[in-house]
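Chemist:
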Amino acid sequence: PMVTLAELMAKAEEGKYAVGAFNCNNMEIVQAIIMAAEAERAPVVIQASQGAIKYAGLDYIVALARLAGDKTSVPVALHLDHGTSFEQCVQCISSGFTSVMIDGSKHALEDNIALTNRVLSVARAVGVSVEAELGKIGGTEDDIHVDEKDALFTDPEEARYFVDKTGVDALAVAIGTAHGQYKGRPELDFDRLAKIEQLVDVPLVLHGSSGVPDEDIRRAIEIGVRKVNIDTNLREAFTEGVREVISQKPNEIDPRKILGPAKERMSEIIREKIRLFGSSNKA
Ligand code: G3H
Ligand code: 13P
Ligand code: ZN
Ligand code: NA
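Below, the structure written as structure tokens:
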């Protein structure tokens, strides 16, 4: 069934595991996520970015994800990933999302708080969850120098203030991860993560988690991360699947024979992630 992110986070907090949040852009990805979640008996977040909404259309994303969530026996949240405006969050809330992220991280602290609270006032009225972001999670193309860490990474005291002033259901933190493929091994600031965890009483979200070594993911979950976002790994699996069919059978013209193996590969990687996050058999 469809559930809110808050519900998933409360159970994850109790069981000390993380819920996988996987980005969807089309039917094959939604099906891959649900196949994996069912096989693992795991709760799962299906999330759509602005790019996904632009590509598939908001109505298609909602129809696909809600069909999947309504039909399945595992709990599914449909979540807006990196929403940047109040209007977009409201549109997703009224279209059937059970959770939205308002990413006000590019704004000054007080503006981020005000924007987040505007979204919260609407979301709370209809029982939709809200994730916010504090600190700047870069792209892997953005090289972060050590002296920039304090400016870019989430400040623990600021996190406490932010959560006090908003009361969000989940908080995305910047501790050294980045969106996209990493050039080398990312260096996560676990001390900072632990400090944030001590100061705030809210489930923490790790973005840019594709390419983060398994042991680092485990350590982040041990400290208190309860939602782990994965997109790039699904793109890789999808593309590898498509490439393999096309190179092995250059005359193949049936899209189902090309996308079927891609879907299987995505589902496999999602199952691996679910096991890594400790959310197997938590449905
Ligand atoms: O956070 C970024 C996600 O990987 C979504 O990326 O905006 O290209 O869909 P996108
Ligand atoms: P990756 O693409 O690095 O897995 O990041 C996904 C993400 O954080 C979506 O919000
Ligand atoms: Zn992200
Ligand atoms: Na990444």
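According to the UniProt record's numbering, the sequence shown is numbered sequentially starting from 2. Even glycine gets a Cβ: it sits at the ideal position worked out from N, Cα and C. All values derive from a computational prediction rather than experimental measurement.
1. Return the CA-CA distance between Leu277 and Val174, expressed in angstroms with no decimal places.
2. Give the secondary structure of Ala49 by DSSP, where H, G and I count as helix, E and B as strand, and everything else as coil.
3. Closer than 7 Å, CB to CB, is Arg119 near chain B or not?
4. Go through its chain and collect everything with a Cβ distance to Ala66's Cβ below 7 Å, but skip five positions before and after it.
5. Comparing the CB of Asn26 with every heavy atom of ligand 3, is any distance shorter than 6 Å?
6. Locate the alpha helix (DSSP H) running through Lys72, then write down its first and last residues.
7. For a test of your reading of the model: does the CB of Asp82 fall under 6 Å from any non-hydrogen atom of ligand 2? Yes or no.
8. With distances taken from CA atoms, which of Glu265, Ser95, Glu111, Gln89 is nearest Met102?
9. Any heavy atom of ligand 1 within a distance shorter than 6 Å of the CB on Ser210?
10. Take every Cβ of the segment 240-255, pair it with every Cβ of the segment 214-222, and state whether three or more of those distances are shorter than 8 Å.
11. Mapping the DSSP letters down to three states, classify Glu134 as helix, strand or coil.
12. Taking 6 Å as the cut-off, is the C-beta of Gly16 nearer than that to any heavy atom in ligand 1?
13. Does DSSP put Phe278 in a helix, a strand or coil?
14. Helix or strand or just coil, what does DSSP make of Leu207?
15. Is Val174 helix, strand or coil when you go by DSSP?
16. Between the beta-carbon of Phe163 and the beta-carbon of Leu135, is there less than 7 Å?
17. Grab me the residues of Asp112's own chain with a C-beta within less than 8 Å of its C-beta, minus the 5 sequence neighbours each way, in chain order.
18. Ligand 4 and Asn240: does the residue's C-beta get closer than 6 Å to at least one heavy atom of that ligand?
19. Within the same chain, show all residues whose beta-carbon is closer than 8 Å to that of Thr39, passing over the 5 residues directly before and after it, in chain order.
20. Which residue marks the beginning of the beta strand (DSSP E) containing Leu81, and which one marks its end?
21. What are the complete beta strand (DSSP E) segments, minimum 3 residues, inside the segment 187-239?
22. Would you kindly check if the distance between the Cβ of Arg119 and the Cβ of Ala284 is under 7 Å?
23. Looking at the structure shown, is Ala179 part of a helix, part of a strand, or coil, going by DSSP?
24. Can you tell which of Ala109, Ser96, Val77 has the C-alpha that lies nearest to the C-alpha of Tyr61?
25. Looking only at DSSP bridge pairs, what is Gly140 linked to?
26. What residues in its chain sit with their C-beta under 7 Å from that of Glu159, if we drop five residues either side in the sequence?
27. Give me the residue from Leu172, Ser122, Thr155 with the minimum Cα distance to Pro204.
28. Compute the beta-carbon to beta-carbon distance between Asp170 and Val131, rounded to the nearest angstrom, for a pair I have assumed lies under 8 Å.
29. Roughly how many whole angstroms lie between the Cα atoms of Asp232 and Phe23?
Modeler: This is what the structure gives:
1. Approximately 20 Å between the Cα atoms of the pair.
2. If DSSP states are grouped into helix, strand and coil, Ala49 belongs with the strands.
3. Among the chains in the structure shown there is no chain B, since it carries only a single protein chain.
4. Around Ala66: Cys25, Val31, Ile47, Leu79.
5. For ligand 3, not one heavy atom lies less than 6 Å from the Cβ of Asn26.
6. Unbroken alpha helix (DSSP H) run through Lys72: 59-72.
7. Yes, since a heavy atom of ligand 2 falls inside the 6 Å radius drawn around the Cβ of Asp82.
8. Minimum Cα-Cα distance from Met102 among the listed residues Glu265, Ser95, Glu111, Gln89 corresponds to Gln89.
9. It does not: the Cβ of Ser210 is nowhere closer than 6 Å to a heavy atom of ligand 1.
10. Taking one beta carbon from each stretch, the segment 240-255 and the segment 214-222 have fewer than 3 pairs nearer than 8 Å; the two do not touch.
11. If DSSP states are grouped into helix, strand and coil, Glu134 belongs with the strands.
12. No.
13. Phe278 falls in the helix class under three-state DSSP.
14. Strand at Leu207.
15. The answer is strand: DSSP assigns Val174 an E or B state.
16. Taking 7 Å as the cut-off, the beta carbon of Phe163 is found closer than this to the beta carbon of Leu135.
17. Excluding positions up to five away in sequence, the list reads Gly105.
18. One detail in the question is off: residue 240 reads as Thr in this sequence, not Asn. Checking the 6 Å criterion, the Cβ of Thr240 is out of range of every heavy atom belonging to ligand 4.
19. Residue 39 is actually Glu in this sequence, not Thr. Once the five neighbours on either side are set aside, the close Cβ partners of Glu39 are Thr73, Ser74, Val75.
20. Note, Leu81: beta strand (DSSP E), 77-84.
21. Fully contained in the segment 187-239 are the following beta strand (DSSP E) runs of length 3 or more, in chain order: 205-207, 226-231.
22. No, these two residues do not count as a Cβ contact at 7 Å.
23. Look at Ala179 here: in three-state DSSP terms it is strand.
24. Here the closest residue by C-alpha is Ser96.
25. Gly140 pairs with His180.
26. Residues of the same chain with a CB within less than 7 Å of the CB of Glu159, apart from the 5 flanking positions on each side, are Leu110, Leu135 in chain order.
27. Measuring from the Cα of Pro204, the nearest candidate turns out to be Leu172.
28. With a Cβ gap of about 6 Å, Asp170 and Val131 count as contacting.
29. One alpha carbon belongs to Asp232, the other to Phe23, and they sit about 6 Å apart.
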